[in-house]
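Q: Have a look at this one before I ask anything.
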Amino acid sequence: MTATAEVSAVPDLATLQQRAAQRAAERAGGSDRLRGHIVCDGLVRIFKTEGVEVVALQGLDLVIDRGELVAIVGASGSGKSTLLNILSGLDTPTAGIARVADYDLLALSARRRLSYRRRVVGFVWQQTGRNLLPYLTARENVELPMRLAGRLRGRAGRRRATELLEMVGVAHLADRRPGQLSGGEQQRCAVAVAVANDPEVLFADEPTGELDEATGADVFGALRTINAELGVTVVVVTHDHAVADQVRRTVAIRDGRTASEVRRTARIGEDGSTELVSEEYAVLDRTGRMQLPAAFVDALALRERVRLTLEPDHVQVRPGQEQSQSDGGSAE
Ligand SMILES: Nc1ncnc2c1ncn2[C@@H]1O[C@H](COP(=O)(O)OP(=O)(O)O)[C@@H](O)[C@H]1O
Ligand SMILES: [Mg+2]
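Under the numbering used here, the first residue of the sequence shown carries the number 310, and numbering increases by one thereafter.
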């Protein structure tokens with residue numbers, strides 16, 4: 310498909326991603342262990358309610374490497390929350406492969422599921438009220454998961470909580486309760502809570518959904534810092550396409566499948582400065598299927614069948630029904 314190339318100067322994104330990869334490699338014990346931290350292959354989730362089946366995920370493929378920061382975008386109802394609930398161990402898939410950090414999510418015992426949810430993943434919800442306990446201060450909220458896990462009690466726990474609140478930019482508000490914080494401050498605090506026990510992966514389901522644009526950008530900044538400083542793999546779901554500017558890789562989900570991907574790569578410009586170039590790709594699954602962008606389908610009024618022609622270096626897609634040139638009648 311045609312690549313949409315757009316150039317903008319976001320100077321520190323490449324550096325941040327590089328640092329995240331370096332930290333992730335340190336955690337994993339070598340850069341050769343970065344591949345496939347999260348792997349979904351032909352992932353299917355069918356919900357059955359009152360005899361009606363809803364196929365929320367229909368063969369979704371996705372590979373995310375250790376230390377990556379990936380945004381998942383898609384219209385409401387496309388299966389984003391279903392995917393995140395599966396990956397965070399809250400829900401079980403119907404079929405396919407879902408693996409995170411060597412945990413097979415289709416075959417978890419109750420006990421392993423609990424340890425997975427406690428130790429391996431952290432989660433930030435859209436509803437600010439769901440992330441923090443209202444009667445604890447910001448610092449106490451961050452300390453709580455460490456205390457429940459029986460690690461870093463007392464002064465060490467307090468020090469780590471302060472460090473994390475510093476990373477997300479709300480250390481000066483450490484003694485306030487959630488009710489005394491703005492929505493954006495609460496969500497940044499929630500990011501600190503979610504990584505308190507040093508998880509390998511952080512999932513956030515529309516963490517900026519209830520915030521205005523500027524405040525949302527601060528929350529994204531917090532996620533980027535956590536990713537770079539701790540080497541945590543971060544997956545953020547959002548319906549806001551503007552976040553593509555904030556991350557290196559954006560995956561688009563349509564009808565329960567990964568449809569396309571935007572990758573931003575750093576290039577050295579003519580004047581020697583670093584610029585980020587974004588390119589859009591269609592996703593090809595293992596069996597060779599891909600989804601055409603809706604705009605392309607509409608532009609050529611493509612329906613039911615298309616003609617494919619293999620050219621030396623590309624594939625041509627043409628409408629299946631050719632218009633007759635001579636008499637204007639339609640050829641079947
Ligand atoms: N628990 C459920 N029971 C029945 N259908 C569900 C359930 N959860 C989600 N769905 C359906 O699955 C589809 C995907 O939903 P969801 O993953 O929440 O989408 P998104 O987060 O992208 O808006 C929707 O059609 C939704 O109605
Ligand atoms: Mg959702």
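All residues carry an ideal CB built from backbone N, CA and C; glycine is no exception.
Grab the span of the beta strand (DSSP E) containing proline 487 for me, first residue to last.
A: Taking the sequence shown and counting its residues from 1, the one referred to as residue 487 is at position 178. Run containing proline 487: none; DSSP gives neither H nor E here.
Q: Using the three-state DSSP reduction, which class does tyrosine 425 fall into: helix, strand or coil?
A: Position 116 of the sequence shown holds residue 425. Of the three classes helix, strand and coil, the one that applies to tyrosine 425 here is helix, per DSSP.
Q: Have a look at arginine 456 and leucine 343 and give me their C-alpha separation to the nearest angstrom.
A: Here the question's residue 456 lines up with position 147 in the sequence shown. Here the question's residue 343 lines up with position 34 in the sequence shown. Each residue's Cα considered, the two are about 30 angstroms apart.
Q: At which residues does the alpha helix (DSSP H) containing serine 397 begin and terminate?
A: In the sequence shown, counting from the first residue as 1, residue 397 sits at position 88. That residue, serine 397, is in no alpha helix (DSSP H); it is neither H nor E in DSSP.
Q: Among Gln489, Thr324, Arg332, Thr559, which residue has its Cα nearest to the Cα of glutamate 255?
A: Look at the range of the chain in this structure, 310 to 641, and you will see that residue 255 is not part of it.
Q: Check whether the Cβ atoms of tyrosine 425 and glycine 466 lie closer than 7 angstroms to each other.
A: Here residue 425 refers to the residue found at position 116 of the sequence shown. Here residue 466 refers to the residue found at position 157 of the sequence shown. Taking 7 angstroms as the Cβ cut-off, tyrosine 425 and glycine 466 do not qualify as a contacting pair.
Q: When the Cα of alanine 642 is compared with those of Gln495, Arg448, Gly488, Thr517, which residue comes out closest?
A: This structure does not reach residue 642, given that the chain is present from 310 up to 641, and the question cannot be answered.
Q: On the three-state DSSP scale, how would you describe glycine 540?
A: Indexing the sequence shown from 1 puts residue 540 at position 231. Here glycine 540 sits in coil by DSSP.
Q: Would you say the beta carbon of serine 643 comes nearer than 6 angstroms to a heavy atom of ligand 2?
A: The chain is shown only over 310 to 641; residue 643 falls outside these bounds and no answer can be derived.
Q: Does ligand 1 have a heavy atom nearer than 6 angstroms to the CB of valine 363?
A: Along the sequence shown, read from residue 1 onward, the residue named residue 363 stands at position 54. Flag set: Cβ of valine 363 near ligand 1.
Q: Can you give me the start and stop residues for the alpha helix (DSSP H) that leucine 473 sits inside?
A: One-based indexing of the sequence shown puts residue 473 at position 164. Per DSSP, leucine 473 belongs to the alpha helix (DSSP H) from 463-476.
Q: Does the distance from the C-beta atom of threonine 437 to that of glycine 492 stay below 7 angstroms?
A: Stepping through the sequence shown from its first residue, residue 437 is reached at position 128. Stepping through the sequence shown from its first residue, residue 492 is reached at position 183. Cβ atoms of threonine 437 and glycine 492: closer than 7 angstroms.
Q: Using the C-alpha atoms, what's the distance from alanine 330 back to alanine 568?
A: Along the sequence shown, read from residue 1 onward, the residue named residue 568 stands at position 259. Along the sequence shown, read from residue 1 onward, the residue named residue 330 stands at position 21. One C-alpha to the other measures close to 26 angstroms.
Q: Going by beta carbon distance, what residues of the same chain come within less than 6 angstroms of leucine 366, once the five residues before and after it are set aside?
A: For this step, residue 366 is matched to residue 57 along the sequence shown. These residues qualify, in order along the chain: Leu352, Val353, Arg354, Gly388, Thr391, Gly565.
Q: Kindly say whether alanine 483, judged by its beta-carbon, lies nearer than 7 angstroms to any beta-carbon of chain B.
A: Note that chain B does not occur in the displayed structure, where there is just one protein chain.
Q: Bridge partners for lysine 389 per DSSP, in chain order?
A: Taking the first residue of the sequence shown as position 1, residue 389 is located at position 80. Looking at the DSSP assignment, lysine 389 forms no beta bridge with any residue, so it has no partner.
Q: Please say whether aspartate 341 and isoleucine 406 have beta carbons closer to each other than 7 angstroms?
A: Within the sequence shown, numbered from 1, the residue matching residue 406 stands at position 97. Within the sequence shown, numbered from 1, the residue matching residue 341 stands at position 32. Taking 7 angstroms as the Cβ cut-off, isoleucine 406 and aspartate 341 do not qualify as a contacting pair.
Q: Is serine 390 near ligand 1, with its Cβ less than 6 angstroms from a heavy atom?
A: Stepping through the sequence shown from its first residue, residue 390 is reached at position 81. Checking the Cβ of serine 390 against ligand 1 gives yes.
Q: Measuring only from the beta carbon, is phenylalanine 645 closer than 6 angstroms to any heavy atom that is part of ligand 1?
A: Look at the range of the chain in this structure, 310 to 641, and you will see that residue 645 is not part of it.
Q: Would you call the CB atoms of glycine 530 and threonine 517 closer than 7 angstroms?
A: Here residue 530 refers to the residue found at position 221 when the sequence shown is read from its first residue. Here residue 517 refers to the residue found at position 208 when the sequence shown is read from its first residue. No. Outside cutoff.
Q: Quick one: what's leucine 366 bridged to in DSSP?
A: As a position in the sequence shown, residue 366 is number 57, starting the count at 1. In the DSSP output, where bridge partners are listed per residue, leucine 366 has Arg354.
Q: I'd like the span of the alpha helix (DSSP H) that includes arginine 328, first residue to last.
A: Against the sequence shown, residue 328 aligns to sequence position 19. Segment 322-337, the alpha helix (DSSP H) holding arginine 328.
Q: With a threshold of 6 angstroms, establish whether the CB of threonine 358 neighbours any heavy atom of ligand 1.
A: Walking along the sequence shown from the start, residue 358 turns up at place 49. The answer is yes for threonine 358.
Q: If we ignore side chains and look at the alpha-carbon of each, how far apart do aspartate 413 and histidine 346 end up?
A: Within the sequence shown, numbered from 1, the residue matching residue 413 stands at position 104. Within the sequence shown, numbered from 1, the residue matching residue 346 stands at position 37. If I take the Cα positions, the gap works out to 12 angstroms.
Q: Helix, strand or coil for serine 587? Go by DSSP, reduced to three states.
A: Locating residue 587 in the sequence shown gives position 278, counting from the first residue. Note: serine 587 maps to strand in three-state DSSP.
Q: Can you check whether the CB of valine 510 is closer than 7 angstroms to the CB of valine 430?
A: Taking the sequence shown and counting its residues from 1, the one referred to as residue 430 is at position 121. Taking the sequence shown and counting its residues from 1, the one referred to as residue 510 is at position 201. In contact: valine 430 and valine 510 (Cβ atoms closer than 7 angstroms).
Q: Would you decide whether glycine 383 is buried or exposed? Buried here means 16 or more other CB atoms lie within 10 Å of its CB.
A: Taking the first residue of the sequence shown as position 1, residue 383 is located at position 74. With 16 or more other Cβ atoms within 10 Å, it is buried.
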